[in-house]
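Chains as they are written, first to last, in our numbering: chain A, 2 to 285; chain B, 1313 to 1625.
Built from N, CA and C at the ideal position, the CB exists for glycine as well.
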Amino acid sequence: MESARSGVFTMIELNNISKTFVSGYFFHKRKDAVINASLTIQKGKILGLVGESGSGKSTLGRIALRLIDPSSGTIVFDGTDITSLSKSALRTFRPRMQIVFQDPDTVLDPLMTIGDSISEPIKIWRESNRHKTEEKVLELLEIVGLRADMISRFPFELSGGEKQRVALARALALEPEFIVADEVSSALDLSVQAQILNLLKDIQRKRKLTYLFISHDLQVIQSMADHVAVMKDGVILEDQKTSDLFSSPEDPYTRQLITESHKSETWFGKDLLTLNKPPFPLQK
Amino acid sequence: MTFLNIRNLRVRFMSQSGVIHALNSIDFSIDAGESCALVGESGCGKSVLGMAIIRLLPSNAVIDGEIRFREKNMAEMSEKDMQEIRGKEIAMIPQNSAMALNPVMTIGSQITETILLHRKVSHRESTERAIELLKSLGFQEPEKAMDRYPHEFSGGMRERVLIAMSLACSPVCIIADEPTAGLDLIIRNQTIVLLKEQSKEKTLLLITHDLGCAYRLCNWITVMYAGEIIESGPTKEVLSHPFHPYTIGLLASIPSAGLHPISGMSPSPSNFPAGCRFAERCKSPLIRCQKEHPSLVLIDGVRKVRCFYYDRT
Ligand SMILES: Nc1ncnc2c1ncn2[C@@H]1O[C@H](COP(=O)(O)OP(=O)(O)O)[C@@H](O)[C@H]1O
Ligand code: SF4
Ligand SMILES: [Mg+2]
Chain A
2 MESARSGVFT MIELNNISKT FVSGYFFHKR KDAVINASLT IQKGKILGLV
52 GESGSGKSTL GRIALRLIDP SSGTIVFDGT DITSLSKSAL RTFRPRMQIV
102 FQDPDTVLDP LMTIGDSISE PIKIWRESNR HKTEEKVLEL LEIVGLRADM
152 ISRFPFELSG GEKQRVALAR ALALEPEFIV ADEVSSALDL SVQAQILNLL
202 KDIQRKRKLT YLFISHDLQV IQSMADHVAV MKDGVILEDQ KTSDLFSSPE
252 DPYTRQLITE SHKSETWFGK DLLTLNKPPF PLQK
Chain B
1313 MTFLNIRNLR VRFMSQSGVI HALNSIDFSI DAGESCALVG ESGCGKSVLG
1363 MAIIRLLPSN AVIDGEIRFR EKNMAEMSEK DMQEIRGKEI AMIPQNSAMA
1413 LNPVMTIGSQ ITETILLHRK VSHRESTERA IELLKSLGFQ EPEKAMDRYP
1463 HEFSGGMRER VLIAMSLACS PVCIIADEPT AGLDLIIRNQ TIVLLKEQSK
1513 EKTLLLITHD LGCAYRLCNW ITVMYAGEII ESGPTKEVLS HPFHPYTIGL
1563 LASIPSAGLH PISGMSPSPS NFPAGCRFAE RCKSPLIRCQ KEHPSLVLID
1613 GVRKVRCFYY DRT
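1) Between B:F1620 and ligand 2, is there a pair consisting of the residue's CB and a ligand heavy atom that are separated by less than 7 Å?
2) B:H1711 by DSSP, collapsed to three states: which one?
3) Just the C-alpha distance for A:D104 and B:M1404, rounded to the nearest angstrom, thanks.
4) Quick check: the Cα distance between B:R1324 and B:G1377, rounded to an integer number of angstroms?
5) What does the alpha-carbon distance come out to for the pair A:A65 and A:K88?
6) Under a three-way DSSP split, which group does B:I1366 fall into?
7) So the candidates are A:L40, A:D117 and A:V9; which of them puts its Cα closest to the Cα of A:P156?
8) Show which residues of chain B have a CB atom less than 8 Å away from the CB atom of A:G162.
9) Could you check whether the Cβ of B:P1573 sits closer than 8 Å to any Cβ belonging to chain A?
10) Taking Cβ positions, are B:E1543 and B:S1337 nearer each other than 8 Å?
11) Can you tell me whether A:W126 is buried or exposed? The criterion is at least 16 other CB atoms within 10 Å of its CB, across all chains shown.
12) Compare the C-alpha of B:P1546 against each of B:P1557, B:C1530 and B:M1458 and name the closest.
13) Output needed in chain order: residues of the region 1581-1592 of chain B with a Cβ under 8 Å from some Cβ in chain A.
14) Should B:F1590 be counted as a contact of ligand 2 given a C-beta to heavy atom distance under 7 Å?
15) Per the DSSP calculation, B:F1381 is bridged to which residue(s)?
16) Compute the Euclidean distance between the alpha carbons of A:N16 and B:V1484, then round it to the nearest angstrom.
17) Heavy atom of ligand 2 less than 7 Å from the Cβ of B:P1579, yes or no?
18) Listed in chain order, which residues of the region 1451-1465 of chain B have Cβ atoms closer than 8 Å to some Cβ of chain A?
19) If I measure Cβ to Cβ from A:V167 and keep anything under 8 Å in the same chain, skipping five residues before and after, which residues do I get?
20) Does DSSP put A:V23 in a helix, in a strand, or in coil?
21) Just list the residues that DSSP pairs B:Y1537 with in beta bridges.
22) Given that a residue counts as buried once 16 or more other Cβ atoms are within 10 Å of its Cβ, and exposed if not, what is B:R1441?
23) Since A:K264 meets chain B, which of its residues come closer than 7 Å, beta carbon to beta carbon?
24) Going by the C-beta, is B:H1430 closer than 7 Å to any heavy atom of ligand 2?
25) Is A:R291 helix, strand or coil by DSSP?
26) Scan the region 224-257 of chain A and note each continuous beta strand (DSSP E) run of 3 residues or more that stays entirely inside, going in chain order.
27) I'd like to know if the region 70-87 of chain A and the region 232-243 of chain A are in contact, where contact means that at least 3 CB-CB pairs between them fall below 8 Å.
28) Return the chain-ordered list of same chain residues with a C-beta closer than 7 Å to the C-beta of A:F94, the five sequence neighbours on each side being excluded.
29) For chain A, find out if any of its Cβ atoms is closer than 8 Å to the Cβ of B:P1567; answer yes or no.
30) Quick one: grab the DSSP three-state call for B:K1512.
31) Whole angstroms is fine: what's the gap from B:S1327's alpha carbon to B:Y1537's?
32) From A:S265 to B:G1524, what does the alpha carbon distance come to, in whole angstroms?
33) Less than 8 Å between the CB atoms is what I'm expecting for B:E1353 and A:D218, so what's the real figure, rounded?
34) By the DSSP assignment, the beta strand (DSSP E) with A:G352 in it spans what residues?
35) Going along the chain, which residues of its own chain have a beta-carbon closer than 7 Å to the beta-carbon of A:R154, five neighbours each way excluded?
36) How should A:E176 be labelled, buried or exposed, when 16 other C-beta atoms within 10 angstroms of its C-beta is the threshold for buried?
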């Protein structure tokens, strides 16, 4: 069996996924959000999914985790076809897959302390005593670079970057193998974006995680991903190793994206970018 | 001629949780016809500075210092004078195009309303002007666009509507607050080209954290950190040879420069340290940095920097 064999190395496989949203009661409006999309991510790799807003990236990411059901196609997670698993059968897979969103406010309950937000999944999914849970929360805070005293604070007391770290800690609580990161750094400032992306990469390397890394920013994708898939109007146009995609893009749209990205680099002055490559005089 | 001249501006907000020191000792000026970018991370006070200039800060703001517009002290102007200036002389393109437009009014009526507010023209003339503006901003069928509602447009098109509204009364100065935030790359690039065209011969104050956008549109740049100006000068010079450790760090955080983060985070505006506000994150602070507050000093005729040890670079 092909998929069972490839399961050893393959984390997730999306085969010919389509999704049509139907809205309206009397006059049905149909929107083809994803059209016949196929993707494979090897274990321990980062697949970057790039495309403009509304191109279907988030829908595909949610389908990969079965947060949305596809209209057609199959999802194979670590060798098991999970496309039509029931909710209860899916339960054994849930802790192994997580999602982190652009807006951490959507996952953090404003009335819950940071500590409670992070430990909630542990309490739901794992049998654990209070002492052990707290130990785990402190460990998670350290991993994402937050001080231990954050444990008793509330989301409104935190900056955007800090909240994103908390959301990440929460996602890591169950030690997932596969994470969908959906525009996680898009709302953050440059320096904070660099912090969060470095953190994501670090954790991925240390824990050998697999990411589906979604972003509309080609430069961010280039610095994060091993492979890149380009999406437009619900269709995956191409999927290549990152270096190959940038050196020999096949689809005209990919070429356009790369040209525009170069254009903005030239506007910025390529010379400036090389000049500003570290090490810096004042940085240790 | 100095178009805007700001001296020792300080803005504080009185809030329930105490005093928020949004801006501290801001000295800033811009000559007529020049373009200046205001960059720095969110919360550093860029928008507050923009709003202070057109005097649109909320009532819990306490403002000290002086803002002179063409040599006139703006604090002494009546609200009526200010209304004349806003729109006609200085137009603001507000941050967040989704929030800035009225969702239940057509694009057309929002633009014509702005024109009618500031100019004595007939309704027909204002409609013609609005159509002409939309056309110059790349709307294919401007007449049809007039009858549409904001939600029928993408983020990029809404940004253009805001640009159209700001240009409606041919102002001499534009303050654009994060015009490229949240836009996809291609749309962002188009918006930058448009702004470049439209701001020709105008005074432009660009508030942004998109350094590429700043580089492309502005001859001058002012970098802010924690409510203060920490570095300023000609854009090319500042970005190619930054002096302040924060500017250096900011440039290194760009993905294509290697995504090197600045560790830590900016201090809370309700509790700034007594010394250098960047000291906690600076890689080479000395004892003096913790104790003394550095001032913004002129270093070579045009460049200014707020760091005791900038010349160690
Ligand atoms: N109306 C207000 N009341 C209290 N604090 C405010 C108000 N507006 C802005 N601030 C505070 O002033 C500081 C500067 O904000 P802002 O100018 O919006 O930053 P930027 O535009 O650089 O992102 C922030 O700490 C912000 O929270
Ligand atoms: S004054 Fe001191 S702490 Fe502040 S930026 Fe300069 S070297 Fe760093
Ligand atoms: Mg702002």
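For this structure:
1) yes
2) There is simply no residue 1711 of chain B to check, as chain B begins at 1313 and stops at 1625 in what is shown.
3) 27 Å
4) 12 Å
5) 15 Å
6) coil
7) A:D117
8) M1577
9) yes
10) no
11) exposed
12) B:C1530
13) none
14) yes
15) B:L1316 and B:K1384
16) 57 Å
17) no
18) none
19) P105, L109, I115, S118, I119, V145, L147, M151, P156 and L159
20) strand
21) B:E1540
22) buried
23) N1501
24) no
25) Residue 291 of chain A falls outside the range modelled here, since chain A spans only 2 to 285, and no answer is possible.
26) 228-233 and 236-242
27) no
28) F78 and I83
29) yes
30) coil
31) 21 Å
32) 7 Å
33) Actually they do not touch by this definition, with Cβ atoms about 17 Å apart.
34) With chain A represented from 2 up to 285, any question about residue 352 of chain A goes unanswered, as that position is not in the structure.
35) T114 and I115
36) exposed
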